[in-house]
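Going letter by letter, the sequence shown gives residues 1 to 764 in this note's numbering.
Glycine residues also receive a C-beta, built at the ideal position from the N, C-alpha and C atoms.
Here the structure is a predicted model, which is why all the values come from computation and not from measurement.
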Amino acid sequence: MTAPPLAERGAAIRVTGVVQGVGFRPFVLRRARELALTGFVCNDVRGVLVHAEGEAAAVAQLIADLPALAPPLASVDAVAVSELAPSGAAEFAIVGSRGAGEPSALVGIDAATCADCLAELLDPADRRFRYPFTNCTNCGPRFTIVREVPYDRARTTMAAFTMCPACQAEYDDPADRRFHAQPNACPACGPRLRLAGGVPPGPHLDAVAAAAAALRAGAVLGVKGLGGYHLACRADDRDAVARLRGRKHREDKPFAVMVADAAAARELVHLSVEEEALLGSVARPIVLARRRDDARVAPAVAPVHRELGVVLPYTPLHHLLLADAGAPLVMTSGNRSDEPIAYRDEDAAERLSGIADALLLHDRPIHMRTDDSVARVAAGRPAVLRRARGLVPGRLVLPVPAPRPLLACGAHLKSTFCVAKDDRAWVSHHIGDLDDAATRQSFADGVAHFESLFAVAPEVVAHDLHPDYASTAYALERDGVRHVGVQHHHAHLAAVLAEHGEHGPAVGAIFDGSGFGDDGTAWGGELLVGGLRGSVRAGHLLAVGLPGGDRAARQPWRMAAAWLVAAGEQGPKVPAVPRALRGAVRPQDGEVVCTMARRGFSAPPTSSVGRLFDAVAALSGVRATCSYEGQAAIELEALADPLHGGAYPLVLRADGILDARPLIRAAADDAEGGVAPALVSARLHNAVAQATGAACARLAEEHGTPTVVLAGGVWANRLLLERTVALLQSLGLRILLPERLPAGDGAISFGQAAVAAALDEAGS
Ligand code: ZN
Ligand code: ZN
Ligand code: FE
């Protein structure tokens, strides 16, 4: 058999997605030369454009390889090919950027140090030996240093550093790993580290080594990272951890621990294959995993919790610090409780002065404050709990493309926003709680930044229905746009549908702390049926009064009193304060709250499942008051006996109401009778899982859909989630869970965007 004659072919290939600033052009150049093709590759406003000509089979191979062999940080959305008459080009080259107009080439994520850079960092013969800002096209800062687009050095916080000849040569060489690596730097020309205050570096020590020596001796250190400052101390040093807690005014909220590598992580937590993959992923999130009994970590790092958050080093600075310190380090956000993380040097120096013994600083400014991301594996699937550094500004896809550019303003706590055009949506990093004025400013600044980065000029602005949310107020201040109000729990449902590319209909069990309902009351235990364009409330947890309104969220004993009153357990003759809480609550306060609940005075009704967990936590004596939102429920989960199969009666009525009064009566009896909180907790979890399973099965049958969505902050409860998923699976239902976005209110903005796009598309 003879070979067929070689056919010549020319092709114009447009590649869209995250393809700029990630080494895409050198990759195309290398591959095209290997395939003996001629032509060129360049960046343009839409992404990367390739003209390739040569043997037809080789051109086809290149087209196939572009998405398949793309560099690690690239993410190819589409490869569009049109035929072209061969021009007779003599070679293949990278040519200058072309075109003007709307920039939509995407900004990448901040990526963990790659293996090549790590090897150079640790190689005494390399010119970047121990240089804490080593990076290349495959790794390093992006989102946190970008001021404007298009993404190049002059528009980043690296603009002030002029490359030395050696760095410039790498930057200009298409064959080099640092070709057009915008933050390229070395000890001769790049950012520098210094240690300020407290511990003067010895003559033989560099700043990292001196900082590590201070840490080893028990110091609390402020460390400037990628998206902000951390506070660090040895995780195995009880005194240091106690000092950090005291100075930070953070009584109980768990700290994350940074470990040198996966082996060190396995000494602290049990890791499944999936968890280890998540830990080592390029986003390097904090991964919550089950703590080992023999973990050498001070108890105050994560009091009560069965899980521990571990994270691997994601910058060269972290790698050096962990290696030099020789022990796992607490790495918690550099702030006092409830404030946003510090990221500007002057601000950090002031705010951290009373907390840190010394500051490990550098002179590369952080443009975008970004917290660490938090993730875990639950019910066999990886799930993001806080979406920030390393994941943002990763793009999500809307199942119904937005006919007009839009902005969705999200919720109020754990705030995020989302900008979108056509089917592309960019959800912001976790911004924080909008009660704080500085956080509200970050929110407004962030919106402006995203609108510019992604060239979105919103004509539609979506928002929550809650009139008192700062995000709602912000949305309504935007003039000349169409406003779309989206009910909170419908947004939760839509967010999960949309991240899975679905429209619905589905049954949603949407359980959270609180969200503004269609009837103006606080919802939070909702059984919804619907899809992107709308949903109906097919059932909910029986509502009870929330005595003292929002204050009840931080004072679970108020919810215990309210539920006892609702359950008829708390008549005038019965002591208002359950036995487990005597001592924690003054009797006269208990009387007042019970009276409020009985009369409905200053006790707005709520159907919140989060508050039901609070009530049982208080009843069982686990916690009467909280230092952070959700603490009571989290601690109740932590101590549940996972082997106990008993369940309280949580009654699903014919009208779809879940009546928890019998549950409360049984839990109160158990608590009064001295039943261990571990059993009380297990019986609550099992009851909610079983009732949810039964309710979802019934609604799925009635409405002819097999799909169930679990969303809302309550589903961050792993025990509840896994029990419920197992039940739903055994009933043959199809389950969609929050994965790329949090279960809680961090997903609301994306849900609002999906709903607003679908409504705008429908012209309704
Ligand atoms: Zn690298
Ligand atoms: Zn240099
Ligand atoms: Fe919510």
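Select from the options the residue whose C-alpha is nearest the C-alpha of residue i.
i, options, result
"alanine 191", "Gly227, Ala209, Arg147, Thr134", "As written in the sequence, residue 191 is proline, which differs from the alanine given in the question. Out of Gly227, Ala209, Arg147, Thr134, Thr134 has the C-alpha closest to the C-alpha of proline 191."
"proline 316", "Ile341, Ala119, His492", "Ala119"
"glutamate 569", "Asp589, Gly549, Cys594, Asp550", "Cys594"
"glycine 280", "Arg734, Leu312, Val19", "Leu312"
"alanine 509", "Asp123, Ala58, Ala219, Trp715", "Trp715"
"alanine 219", "Leu736, Leu329, Tyr131, Gly394", "Leu329"
"alanine 697", "Ala553, Gln729, Ala671", "Gln729"
"alanine 567", "Arg598, Ala217, Asp123, Ala78", "Arg598"
"glycine 23", "Ala214, Asn43, Glu34, Thr416", "Asn43"
Look at the alpha carbon of residue i and the alpha carbon of residue j, and state the distance between them as a whole number of angstroms.
i, j, result
"valine 544", "leucine 684", "18 Å"
"proline 738", "alanine 175", "41 Å"
"alanine 326", "histidine 270", "A small fix is needed here, since residue 326 is glycine in this sequence, not alanine. Near 21 Å, if we compare the C-alpha coordinates of histidine 270 and glycine 326."
"glutamate 8", "leucine 62", "14 Å"
"lysine 573", "valine 565", "Here lysine 573 scores only 48 on pLDDT, less than 50, and its place in the model should not be relied on; the value that follows carries that caveat. Spanning the two alpha carbons is a distance of roughly 12 Å."
"tyrosine 314", "leucine 73", "15 Å"
"arginine 292", "alanine 166", "47 Å"
"isoleucine 341", "leucine 391", "18 Å"
"aspartate 550", "histidine 500", "33 Å"
"valine 384", "glycine 88", "50 Å"
"arginine 381", "valine 536", "28 Å"
"threonine 606", "serine 97", "57 Å"
"aspartate 760", "proline 505", "18 Å"
"arginine 404", "valine 460", "7 Å"
"isoleucine 748", "glycine 513", "14 Å"
"proline 766", "methionine 368", "Residue 766 is absent from the structure shown; the chain starts at 1 and stops at 764."
"valine 28", "glycine 693", "51 Å"
"alanine 603", "leucine 679", "30 Å"
Verify the contact flag: residue i, CB atom, against every heavy atom of ligand 3, threshold strictly below 8 Å.
i, result
"serine 749", "no"
"histidine 463", "no"
"glycine 534", "no"
"serine 607", "no"
"alanine 383", "no"
If we define contact as Cβ-Cβ less than 9 Å, is residue i a contact residue for chain C?
i, result
"phenylalanine 454", "Given the protein chain composition of this structure (a single chain), no chain C is represented."
Please determine whether the Cβ atom of residue i lies at a distance below 8 Å from any heavy atom of ligand 2.
i, result
"cysteine 164", "yes"
"leucine 212", "Looking at the sequence itself, residue 212 is alanine, so the reference to leucine does not match. No; taking the cut-off as 8 Å, the Cβ of alanine 212 has no heavy atom of ligand 2 nearer than that."
"alanine 185", "yes"
"glycine 432", "no"
"cysteine 139", "no"
"alanine 188", "yes"
"cysteine 167", "yes"
Since residue i contacts residue j with CB under 8 Å, what's their CB separation in whole angstroms?
i, j, result
"leucine 720", "glycine 539", "Wrong, their Cβ atoms sit about 18 Å apart, outside the cutoff."
"serine 620", "alanine 667", "7 Å"
"alanine 125", "cysteine 164", "With a Cβ gap of about 19 Å, alanine 125 and cysteine 164 do not count as contacting."
"aspartate 110", "threonine 144", "5 Å"
"arginine 387", "glycine 39", "So it is not a contact: roughly 39 Å between Cβ atoms."
"arginine 194", "leucine 361", "6 Å"
"proline 547", "alanine 617", "About 16 Å; that fails the 8 Å criterion."
"alanine 112", "valine 282", "5 Å"
"cysteine 136", "aspartate 116", "7 Å"
"arginine 767", "valine 287", "A question about residue 767 goes unanswered here, because the residues of the chain that appear run from 1 up to 764."
Compute the minimum distance between the beta carbon of residue i and the heavy atoms of ligand 1, and state whether it is under 8 Å.
i, result
"cysteine 42", "no"
"cysteine 114", "yes"
"threonine 134", "yes"
"arginine 130", "no"
"arginine 127", "no"
"arginine 142", "no"
"arginine 177", "yes"
"cysteine 233", "no"
"cysteine 696", "no"
Are the beta-carbon atoms belonging to residue i and residue j less than 9 Å from one another?
i, j, result
"arginine 247", "serine 373", "no"
"leucine 84", "alanine 160", "no"
"arginine 440", "alanine 462", "no"
"histidine 503", "alanine 263", "no"
"alanine 289", "valine 304", "no"
"glycine 17", "aspartate 65", "no"
"leucine 453", "valine 146", "yes"
"leucine 527", "valine 496", "no"
"proline 467", "phenylalanine 516", "yes"
"leucine 532", "alanine 711", "no"
"alanine 682", "leucine 406", "no"
Tell me whether residue i, by its Cβ, gets closer than 8 Å to a heavy atom of ligand 4.
i, result
"aspartate 468", "Among the ligands present in this structure, namely ligand 1, ligand 2 and ligand 3, ligand 4 is not found."
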